[in-house]
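Numbering (the numbering used here), first residue to last: 5 to 219.
The beta-carbon is built from N, C-alpha and C at its ideal position, and this holds for glycine as well.
A quick note: this is a predicted structure, and the numbers were derived from the prediction, not measured.
To start, the structure under review is shown below, and the notes come after it.
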Amino acid sequence: MRAQIDDLLHRMNVTKGARFNAARRLEGRDRKMALLVALASALVIALTFVPFAYQLPKVVIADLSVVTMLASVLILAVSLVQYSNNDAVNAEQHHRCGLEINELRGELAAKGETLDSAELQRFSERYARILDRYSVNHEGLDFDQYRLEHPEKYPLTLLERVLVRVRSFIVAQWPNGLMLIIVGFFFVLLFHHVLPVRLATETTPVPSTVVPGER
(Lines of atoms letter the chains of each structure in order from A and count residues from 1; the text may use other names and numbers.)
(Lines give C-alpha, C1' and ligand atoms only; values in the text may rest on other atoms or scores of the structure.)
Protein backbone atom coordinates (compact mmCIF):
# COMPACT_ATOMS: atom_id res chain seq x y z
CA MET A 1 0.00 0.00 0.00
CA ARG A 2 2.82 2.41 0.84
CA ALA A 3 4.30 1.93 -2.63
CA GLN A 4 0.96 2.73 -4.27
CA ILE A 5 0.57 5.88 -2.16
CA ASP A 6 4.09 7.02 -3.01
CA ASP A 7 3.47 6.36 -6.70
CA LEU A 8 0.30 8.49 -6.69
CA LEU A 9 2.03 11.25 -4.73
CA HIS A 10 4.88 11.21 -7.24
CA ARG A 11 2.55 11.43 -10.23
CA MET A 12 0.66 14.30 -8.64
CA ASN A 13 3.88 16.16 -7.86
CA VAL A 14 5.23 15.75 -11.39
CA THR A 15 1.97 16.83 -13.02
CA LYS A 16 1.64 19.80 -10.67
CA GLY A 17 5.18 20.97 -11.43
CA ALA A 18 4.75 20.54 -15.18
CA ARG A 19 1.45 22.45 -15.14
CA PHE A 20 3.01 25.35 -13.23
CA ASN A 21 5.89 25.40 -15.72
CA ALA A 22 3.39 25.46 -18.59
CA ALA A 23 1.49 28.34 -16.97
CA ARG A 24 4.68 30.42 -16.65
CA ARG A 25 5.75 29.62 -20.20
CA LEU A 26 2.40 30.56 -21.74
CA GLU A 27 2.05 33.74 -19.66
CA GLY A 28 5.49 34.85 -20.78
CA ARG A 29 4.80 34.08 -24.43
CA ASP A 30 1.49 35.94 -24.35
CA ARG A 31 3.11 39.07 -22.88
CA LYS A 32 5.98 39.00 -25.35
CA MET A 33 3.74 38.54 -28.38
CA ALA A 34 1.50 41.40 -27.22
CA LEU A 35 4.60 43.58 -26.88
CA LEU A 36 5.75 42.47 -30.33
CA VAL A 37 2.44 43.52 -31.90
CA ALA A 38 2.54 46.87 -30.09
CA LEU A 39 6.12 47.55 -31.18
CA ALA A 40 5.47 46.61 -34.81
CA SER A 41 2.33 48.77 -34.84
CA ALA A 42 4.27 51.77 -33.50
CA LEU A 43 6.94 51.33 -36.18
CA VAL A 44 4.29 51.12 -38.90
CA ILE A 45 2.85 54.43 -37.71
CA ALA A 46 6.33 55.97 -37.66
CA LEU A 47 7.13 54.75 -41.17
CA THR A 48 3.81 56.08 -42.42
CA PHE A 49 4.63 59.51 -41.00
CA VAL A 50 8.18 59.74 -42.43
CA PRO A 51 7.20 60.61 -46.05
CA PHE A 52 5.06 63.48 -44.76
CA ALA A 53 7.84 64.84 -42.54
CA TYR A 54 10.60 64.75 -45.15
CA GLN A 55 10.66 65.47 -48.84
CA LEU A 56 11.99 62.18 -50.14
CA PRO A 57 12.48 60.81 -53.65
CA LYS A 58 9.72 58.64 -54.98
CA VAL A 59 11.92 55.54 -54.90
CA VAL A 60 12.51 55.95 -51.15
CA ILE A 61 8.80 56.53 -50.54
CA ALA A 62 8.10 53.34 -52.49
CA ASP A 63 10.59 51.43 -50.33
CA LEU A 64 8.92 52.72 -47.18
CA SER A 65 5.54 51.68 -48.53
CA VAL A 66 6.79 48.14 -49.13
CA VAL A 67 8.28 47.91 -45.63
CA THR A 68 5.06 49.27 -44.12
CA MET A 69 3.03 46.68 -46.00
CA LEU A 70 5.31 43.83 -44.86
CA ALA A 71 5.16 45.04 -41.26
CA SER A 72 1.37 45.16 -41.45
CA VAL A 73 1.31 41.57 -42.69
CA LEU A 74 3.62 40.58 -39.83
CA ILE A 75 1.30 42.25 -37.30
CA LEU A 76 -1.66 40.38 -38.76
CA ALA A 77 0.18 37.04 -38.69
CA VAL A 78 1.40 37.45 -35.11
CA SER A 79 -2.06 38.56 -33.97
CA LEU A 80 -3.66 35.51 -35.56
CA VAL A 81 -1.10 33.20 -33.97
CA GLN A 82 -1.62 34.84 -30.59
CA TYR A 83 -5.39 34.52 -30.90
CA SER A 84 -5.26 30.89 -32.00
CA ASN A 85 -2.83 29.91 -29.22
CA ASN A 86 -5.13 31.38 -26.55
CA ASP A 87 -2.13 31.46 -24.22
CA ALA A 88 -3.68 33.61 -21.49
CA VAL A 89 -6.65 31.28 -21.00
CA ASN A 90 -4.54 28.12 -21.22
CA ALA A 91 -2.04 29.53 -18.71
CA GLU A 92 -4.87 30.15 -16.26
CA GLN A 93 -6.16 26.60 -16.80
CA HIS A 94 -2.72 25.13 -16.13
CA HIS A 95 -2.28 27.24 -13.01
CA ARG A 96 -5.66 26.24 -11.57
CA CYS A 97 -5.00 22.60 -12.37
CA GLY A 98 -1.67 22.78 -10.55
CA LEU A 99 -3.29 24.39 -7.51
CA GLU A 100 -6.01 21.75 -7.28
CA ILE A 101 -3.53 18.90 -7.70
CA ASN A 102 -1.33 20.45 -5.02
CA GLU A 103 -4.29 20.68 -2.64
CA LEU A 104 -5.26 17.07 -3.31
CA ARG A 105 -1.67 15.94 -2.84
CA GLY A 106 -1.57 17.69 0.52
CA GLU A 107 -4.66 15.79 1.65
CA LEU A 108 -3.19 12.50 0.49
CA ALA A 109 0.15 13.14 2.19
CA ALA A 110 -1.60 14.10 5.44
CA LYS A 111 -3.50 10.82 5.64
CA GLY A 112 -0.43 8.76 4.84
CA GLU A 113 -0.44 5.29 6.36
CA THR A 114 -4.06 5.55 7.56
CA LEU A 115 -5.34 5.09 4.02
CA ASP A 116 -6.92 1.87 2.92
CA SER A 117 -7.29 0.67 -0.66
CA ALA A 118 -10.80 2.13 -1.03
CA GLU A 119 -9.68 5.61 0.08
CA LEU A 120 -6.66 5.44 -2.19
CA GLN A 121 -8.97 4.59 -5.07
CA ARG A 122 -11.09 7.64 -4.28
CA PHE A 123 -7.99 9.85 -4.33
CA SER A 124 -7.03 8.37 -7.69
CA GLU A 125 -10.51 9.10 -9.04
CA ARG A 126 -10.40 12.69 -7.76
CA TYR A 127 -7.01 13.12 -9.40
CA ALA A 128 -8.38 11.78 -12.70
CA ARG A 129 -11.38 14.13 -12.49
CA ILE A 130 -9.07 17.12 -12.07
CA LEU A 131 -7.14 16.12 -15.17
CA ASP A 132 -10.40 15.65 -17.10
CA ARG A 133 -11.70 19.04 -15.99
CA TYR A 134 -8.57 20.80 -17.22
CA SER A 135 -8.19 18.96 -20.50
CA VAL A 136 -5.44 21.24 -21.88
CA ASN A 137 -2.25 19.25 -21.42
CA HIS A 138 1.22 20.61 -20.84
CA GLU A 139 3.98 20.08 -23.40
CA GLY A 140 7.00 17.85 -23.19
CA LEU A 141 9.20 20.88 -22.63
CA ASP A 142 7.36 21.63 -19.38
CA PHE A 143 8.09 18.12 -18.11
CA ASP A 144 11.71 18.42 -19.24
CA GLN A 145 11.97 21.65 -17.28
CA TYR A 146 10.62 19.85 -14.21
CA ARG A 147 13.23 17.13 -14.67
CA LEU A 148 15.90 19.81 -14.90
CA GLU A 149 14.65 21.41 -11.67
CA HIS A 150 14.70 18.09 -9.75
CA PRO A 151 18.01 16.37 -10.50
CA GLU A 152 17.66 14.24 -7.36
CA LYS A 153 14.69 12.47 -8.97
CA TYR A 154 15.68 12.72 -12.63
CA PRO A 155 19.47 12.64 -13.06
CA LEU A 156 20.28 13.99 -16.51
CA THR A 157 23.51 13.86 -18.44
CA LEU A 158 25.32 17.07 -19.29
CA LEU A 159 24.16 16.85 -22.90
CA GLU A 160 20.54 16.36 -21.86
CA ARG A 161 20.69 19.37 -19.53
CA VAL A 162 22.21 21.53 -22.26
CA LEU A 163 19.58 20.45 -24.80
CA VAL A 164 16.72 21.21 -22.39
CA ARG A 165 18.15 24.65 -21.58
CA VAL A 166 18.72 25.50 -25.24
CA ARG A 167 15.22 24.41 -26.19
CA SER A 168 13.71 26.36 -23.29
CA PHE A 169 15.69 29.44 -24.27
CA ILE A 170 14.57 29.28 -27.90
CA VAL A 171 10.91 28.73 -27.00
CA ALA A 172 10.94 31.54 -24.45
CA GLN A 173 13.03 34.11 -26.31
CA TRP A 174 12.03 33.88 -29.98
CA PRO A 175 9.57 36.82 -29.64
CA ASN A 176 12.37 38.93 -28.15
CA GLY A 177 14.64 37.93 -31.01
CA LEU A 178 12.02 38.93 -33.55
CA MET A 179 11.58 42.28 -31.79
CA LEU A 180 15.34 42.92 -31.96
CA ILE A 181 15.33 42.12 -35.68
CA ILE A 182 12.42 44.49 -36.30
CA VAL A 183 13.99 47.34 -34.31
CA GLY A 184 17.37 46.78 -35.93
CA PHE A 185 15.84 46.78 -39.40
CA PHE A 186 13.96 49.99 -38.59
CA PHE A 187 17.14 51.81 -37.52
CA VAL A 188 19.08 50.52 -40.51
CA LEU A 189 16.31 51.73 -42.80
CA LEU A 190 16.18 55.10 -41.07
CA PHE A 191 19.89 55.88 -40.72
CA HIS A 192 21.25 54.19 -43.85
CA HIS A 193 18.46 54.84 -46.32
CA VAL A 194 16.10 57.64 -45.34
CA LEU A 195 18.33 60.16 -43.55
CA PRO A 196 21.26 59.99 -46.03
CA VAL A 197 18.85 60.70 -48.88
CA ARG A 198 17.27 63.50 -46.87
CA LEU A 199 20.64 65.10 -46.06
CA ALA A 200 21.80 64.73 -49.64
CA THR A 201 18.65 66.50 -50.82
CA GLU A 202 19.24 69.40 -48.42
CA THR A 203 22.91 69.88 -49.39
CA THR A 204 22.39 69.62 -53.14
CA PRO A 205 22.82 73.16 -54.56
CA VAL A 206 19.95 74.49 -56.59
CA PRO A 207 21.15 75.47 -60.08
CA SER A 208 20.77 79.19 -60.74
CA THR A 209 18.75 80.33 -63.71
CA VAL A 210 20.20 83.03 -65.92
CA VAL A 211 17.71 85.30 -67.60
CA PRO A 212 18.65 86.02 -71.24
CA GLY A 213 20.00 89.54 -71.68
CA GLU A 214 21.29 89.84 -68.11
CA ARG A 215 24.90 89.77 -67.00
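Burial state of Val64, where buried means 16 or more other Cβ atoms lie within 10 Å: By the 10 Å Cβ count, Val64 comes out buried.
task: Just mark Pro61 as buried or exposed, buried being the case when its beta carbon has 16 or more other beta carbons within 10 Å.
output: Taking all protein chains in view, the Cβ of Pro61 is surrounded by fewer than 16 other Cβ atoms within 10 Å, so the residue is classified as exposed.
task: Just tell me which of Glu156, Ile186, Phe147, Ser83 has its CA closest to the CA of Val168.
output: Out of Glu156, Ile186, Phe147, Ser83, the CA that lies nearest to the CA of Val168 is found in Phe147.
message: I'd like the span of the alpha helix (DSSP H) that includes Phe127, first residue to last.
response: Segment 121-137, the alpha helix (DSSP H) holding Phe127.
message: Between the alpha carbons of Arg165 and Tyr150, how many angstroms are there, rounded?
response: Answer to the nearest angstrom: the Cα atoms are 11 Å apart.
task: Look at the alpha carbon of Val140 and the alpha carbon of Asn94, and state the distance between them as a whole number of angstroms.
output: Roughly 7 Å separates the two Cα atoms.
task: Determine the contact status of Leu145 and Val175, defining contact as a CB-CB distance below 9 Å.
output: Going by C-beta atoms, Leu145 is nearer than 9 Å to Val175.
- request: Note down the Cα distance separating Leu12 from Ala81, rounded to an integer number of angstroms.
  value: The alpha-carbon atoms of Leu12 and Ala81 are separated by roughly 43 Å.
- prompt: Is it buried or exposed for Ala22, if we count other Cβ within 10 angstroms and need 16 for buried?
  reply: Ala22 counts as buried, since no fewer than 16 other beta carbons sit within 10 angstroms of its beta carbon.
Residue range of the unbroken alpha helix (DSSP H) whose run includes Tyr87: Boundaries of the alpha helix (DSSP H) around Tyr87: 62-89.
task: With a 10 Å radius around its C-beta and 16 neighbouring C-beta atoms as the bar for buried, classify His196 as buried or exposed.
output: With fewer than 16 other Cβ atoms within 10 Å, it is exposed.
query: Leu119 and Ile9 look like a contact to me (Cβ under 8 Å); what is the Cβ gap, rounded to whole Å?
result: Their Cβ separation, rounded to whole angstroms, is 6 Å, which keeps Leu119 and Ile9 in contact under 8 Å.
- prompt: Going by C-alpha distance, which of Leu135, Asp34, Leu199, Leu160 is nearest Leu84?
  reply: Cα-wise, what sits closest to Leu84 is Asp34.
message: Does Arg219 come out as helix, strand or coil in the three-state DSSP assignment?
response: Per-residue confidence for Arg219 stands at a pLDDT of 48, beneath the threshold of 50, marking its modelled position as unreliable; no derived number is given.
query: Which class does Leu167 belong to by DSSP, given the choice of helix, strand or coil?
result: Note: Leu167 maps to helix in three-state DSSP.
- prompt: Is it buried or exposed for Leu51, if we count other Cβ within 10 angstroms and need 16 for buried?
  reply: So Leu51 ends up on the buried side.
query: Candidates Pro200, Val77, His98, Ala66: which alpha carbon is nearest Arg28's?
result: Of the candidates Pro200, Val77, His98, Ala66, the one whose C-alpha sits nearest the C-alpha of Arg28 is His98.
query: With distances taken from CA atoms, which of Asp67, Ala38, Phe190 is nearest Asp91?
result: Cα-wise, what sits closest to Asp91 is Ala38.
task: For chain B, find out if any of its Cβ atoms is closer than 9 Å to the Cβ of Leu12; answer yes or no.
output: Of the protein chains in this structure there is only one, and it is not chain B.
query: Do the CB positions of Gly102 and Lys20 come within less than 9 Å of each other?
result: Going by beta carbons, Gly102 and Lys20 fall inside the 9 Å limit.
field: Cα-Cα separation between Phe190 and Arg202, rounded to whole angstroms
entry: Each residue's alpha carbon lies about 16 Å from the other.
message: Nearest by alpha-carbon distance to Thr72: which of Gln86, Tyr58, Ala44, Leu184 is it?
response: The residue with the shortest Cα to Cα distance from Thr72 is Ala44.
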